[in-house]
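Residue numbers (the numbering used here): 392 to 811.
Shown next, in the form of structure tokens:
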């Protein structure tokens, strides 16, 4: 019984801690105001993230730094046939962005930056119907970027860089020990590291048009953590998993093609298509460092199919320079989610979404600027009728998490810029 309870619990806890809802592409207020359509424009230091080849447009030294407030909201109605609605607790997240570029030689530029490429979380009431699936999940990552870009000719630049990632995870849920009248909780905390690369090309075929193509590689995190059961009677000590585990998780590769068109000197249109290779998350494998498989006498290794599918984000933006002091922006995005219906659960209540963006720049001087942006994200209502996820917390129970998810998010960003 110990073997199967532990296996079931760990697969339940870890399975959905990544998804498009946890990918943070908001790496600067200028790009956010354009709906993220920035790979073909790439004219501030956040190009280190969007398209490193674009930093060859930034003569001298340029610095930006800021943060984005993200306020998500989700509800779940169900499980069918129940129509009871549960609401996620209010939370505020503040991912940061800090990027800088410097021109070393006439044609050679370098850049350094850090951003929270993946993050956020969910928290539900301790007694809600899905408490055996999740109560609280938090993910935080820091991606450190070091890039170099070279202007091959006036019309063509290339860029390449190294990416180092750090992540930490906190997961909490209740355990169902039926028929015993006991619901202890299980905490899982872990950290992981990984590395990858980013590359890009930036082309000016004609003065009024620029094109960008960027590639951000997968980053494989090898998470190591500890499981800690809490609030349980001593009679259950040998039944509940505890101790060290490891779990590799791989972020998807991103390929972005962008274009910027300037029909007027003061007016710019941008568009991006971003491919996101979520099929990298086809399964979850958990290795137990302290748990012996009673059948094999070896440390237990367990796997769970996730079967995420590749997705995309389509973006458009517009920028209008009102005068030398003020620039206004607006944008729109459509983000296709990668999570199959049968694998969706409230750890990550993901869905296709649309985003409406506005933003602007105010130049305090020739060297100092303040930029701000706002985005409203509306997730499509998602009705799940063939869930393979079990809300009862009891193995082989016929308790599918079928129901209706609704989510929105408000995002507000501010960025300070300095150049010399």
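Positions of the beta carbon are idealized from the N, C-alpha and C atoms, including for glycine. Every value quoted in this text rests on a predicted model; they were computed, and no experiment measured them.
Using DSSP with H/G/I as helix, E/B as strand and the rest coil, what is residue i?
i, result
"residue 815", "A question about residue 815 goes unanswered here, because the residues of the chain that appear run from 392 up to 811."
"residue 394", "Its pLDDT being 46, under 50, residue 394 is placed unreliably in this model, and the value from its coordinates should be taken loosely. In the structure shown, residue 394 sits in a helix (DSSP, three-state: H, G or I)."
"residue 472", "coil"
"residue 769", "strand"
"residue 433", "coil"
"residue 446", "helix"
"residue 653", "strand"
"residue 727", "coil"
"residue 786", "coil"
"residue 609", "coil"
"residue 518", "coil"
"residue 762", "strand"
"residue 494", "strand"
"residue 626", "helix"
"residue 666", "strand"
"residue 441", "helix"
"residue 811", "coil"
"residue 529", "strand"
"residue 757", "coil"
"residue 559", "strand"
"residue 736", "coil"
"residue 573", "coil"
"residue 640", "strand"
"residue 633", "coil"
"residue 465", "strand"
"residue 523", "coil"
"residue 702", "strand"
"residue 481", "coil"
"residue 778", "coil"
For the candidate residues the options, whose alpha-carbon lies nearest to that of residue i?
i, options, result
"residue 414", "533, 468, 420 and 516", "533"
"residue 571", "623, 581 and 480", "623"
"residue 635", "675, 679 and 672", "679"
"residue 656", "712, 701 and 639", "712"
"residue 750", "418, 424, 419 and 417", "424"
"residue 715", "480, 658 and 508", "658"
"residue 743", "787, 796 and 782", "796"
"residue 704", "482, 645, 507 and 721", "645"
"residue 785", "598, 616, 740 and 567", "567"
"residue 363", "720, 543, 466 and 700", "Nothing can be reported for residue 363, as the shown portion of the chain is limited to 392 through 811."
"residue 454", "460, 446 and 461", "446"
"residue 739", "452, 451 and 466", "466"
"residue 555", "520, 508, 437 and 649", "508"
"residue 681", "616, 569 and 735", "616"
"residue 813", "763, 775 and 767", "No answer is possible for residue 813: the residues shown for the chain start at 392 and end at 811."
"residue 677", "706, 637, 697 and 654", "637"
"residue 438", "781, 736, 540 and 767", "540"
"residue 416", "506, 468 and 476", "506"
"residue 475", "519, 674 and 485", "519"
"residue 608", "619, 627, 585 and 598", "585"
"residue 781", "804, 674, 419 and 469", "469"
"residue 483", "732, 809, 803 and 698", "803"
"residue 666", "706, 722 and 673", "706"
"residue 558", "569, 787 and 530", "530"
According to the Cβ coordinates, are residue i and residue j closer than 9 Å?
i, j, result
"residue 600", "residue 651", "yes"
"residue 537", "residue 502", "yes"
"residue 745", "residue 765", "no"
"residue 806", "residue 456", "yes"
"residue 591", "residue 581", "no"
"residue 564", "residue 523", "yes"
"residue 643", "residue 669", "yes"
"residue 647", "residue 606", "yes"
"residue 421", "residue 762", "yes"
"residue 702", "residue 727", "yes"
"residue 548", "residue 444", "yes"
"residue 798", "residue 463", "yes"
"residue 525", "residue 562", "yes"
"residue 697", "residue 741", "no"
"residue 459", "residue 493", "no"
"residue 527", "residue 575", "no"
"residue 854", "residue 500", "Past the edges of the chain, shown from 392 to 811, lies residue 854, and the structure says nothing about it."
"residue 504", "residue 477", "no"
Counting contacts by CB-CB distance shorter than 9 Å, is residue i in contact with chain B?
i, result
"residue 529", "No chain B appears in the structure shown, which is made up of a single protein chain."
Tell me, which residues are paired with residue i by DSSP?
i, result
"residue 741", "Residue 741 pairs with nothing; no bridge assigned."
"residue 536", "504 and 554"
"residue 601", "651"
"residue 697", "Looking at the DSSP assignment, residue 697 forms no beta bridge with any residue, so it has no partner."
"residue 488", "457 and 506"
"residue 615", "582 and 637"
Self-check item: Cβ contact check for the segment 782 to 798 and the segment 753 to 765: 3 or more pairs under 8 Å
Solution: Using a C-beta cut-off of 8 Å, the segment 782 to 798 makes no contact with the segment 753 to 765, since fewer than three inter-stretch Cβ pairs fall below that distance.
Practice problem: State whether the segment 659 to 670 contacts the segment 428 to 445, with contact taken as three or more CB pairs (one from each stretch) at a distance under 8 Å. | Solution: They touch, by the three-pair rule.
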